[in-house]
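When you line the sequence shown up against the working numbering, it's residues -10 to 242, in that order.
Cβ coordinates follow ideal geometry from the N, Cα and C atoms, glycine included.
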Amino acid sequence: MDNLLRMLHTLLVENPWILYAFPWGTLIVYGLIKYWIKESKNGFDTNADTPIAFGYKTKWIAIKNADNETLLALLEAYHKCKIKTFPSNWLSGLTAVTNRDFGFITPPIQGWTLIVDNKIEDIQDTAVRAFLSKLSEVFGEAQYFGNHRVVGYGAVGLFKNGACIRAFSYADGTPYLDLGEATKIEKTIIAEAYEEEKDDTEMIEYYKSKNNLPIFGHDEQILKVAENWSVNPLRFNQNDTTALGLAFSIATK
């Protein structure tokens, strides 16, 4: 059963078009997985497994050299509620995140701890930027990533030692936030986009008139930035870890 569920999860993550082509089938699959988790001991499976890819239609934060105790205290301060934690493997932890009342803290991956938490607001929210600033003040560096292809949403944030180095958010053809200078990888992505559209003069002029913002923010581009800054959650090495992560409940009621 475990192997089947992992295969289904991986299939949906690596082939996001399925989410749009067969939405009801996707809901049924996730429903079965969530039912299985509910029937597991304490609701979460603690049988260690290898990393499971994710990264589409979600938000996550990458923190360098984090310790869970301090991290949870900062999460409680941000969410303004007491957080319950549950040791969890990758499969049950990431599946629980499909319910917005749950989040998942991964075990360290190549020196980075990832918080998958869809209840965290977009980076244009000042409280989110304050949270990221605090995380980077405590741990040295914090990064924010978010994407959702349906609404054309993409966001990145880079904070070091309490300072905002870069914060960008774009959706529905509208730039909502553009703080700091674009990083090297962003400039590379923009240059690649110009190269692809080099024969479309009208499109090139449109990009320039909008300060290049419409050509950066797609899900694949956000994942490329994540890979450059820290780790790309779609490209985990299966030998990275077999340690347990930590699922957490963020229900405010």
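Residues that DSSP places opposite residue i in a beta bridge
i, result
"Gly135", "Lys48 and Ala144"
"Tyr159", "Gly143 and Pro164"
"Lys187", "DSSP output for Lys187 lists no bridge partner at all."
"Ala152", "Lys149"
"Ile94", "Ile104 and Leu235"
"Lys53", "Trp101"
Residues near residue i in its chain [Cβ-Cβ closer than 7 angstroms; skip 5 each side]
i, result
"Phe157", "Ala144, Val145, Leu166 and Asp167"
"Cys153", "Arg118, Ser122, Leu168 and Gly169"
"Ser219", "Ala51, Trp101 and Gln132"
"Asp208", "Tyr45, Asn136, Arg138 and Gly143"
Residues of its chain near residue i, where Cβ-Cβ distance is below 8 angstroms and the 5 sequence neighbours each way are ignored
i, result
"Gly151", "Ser122, Lys123, Ser125 and Glu126"
"Ala37", "Asn78, Thr231, Ala232 and Leu233"
Under the three-state DSSP convention, the category residue i falls into
i, result
"Lys73", "strand"
"Glu283", "The question about residue 283 has no answer here: the residues shown for the chain are numbered -10 through 242."
"Leu223", "coil"
"Asn217", "helix"
"Arg118", "helix"
"Ile174", "helix"
"Thr87", "coil"
"Ile211", "helix"
"Glu28", "Bear in mind that a pLDDT of 46 at Glu28, under 50, signals an unreliable position, so the number given afterwards is only what the model happens to contain. Glu28 falls in the helix class under three-state DSSP."
Residues near residue i in its chain [Cβ-Cβ closer than 6 angstroms; skip 5 each side]
i, result
"Asp106", "Gly92"
"Glu110", "Val117"
Whole-number beta carbon distance between residue j and residue i, since they are thought to touch under 8 angstroms
i, j, result
"Ala215", "Phe134", "5 angstroms"
"Thr102", "Thr95", "6 angstroms"
"Ile50", "Ile104", "4 angstroms"
"Lys251", "Ile179", "Residue numbering for the chain in the displayed model covers -10 to 242; residue 251 lies beyond these limits and cannot be assessed."
"Ile211", "Ile72", "Not a contact, Cβ separation roughly 26 angstroms."
"Phe43", "Pro222", "5 angstroms"
Three CB pairs or more closer than 8 angstroms across the segment 134 to 154 and the segment 76 to 93: no
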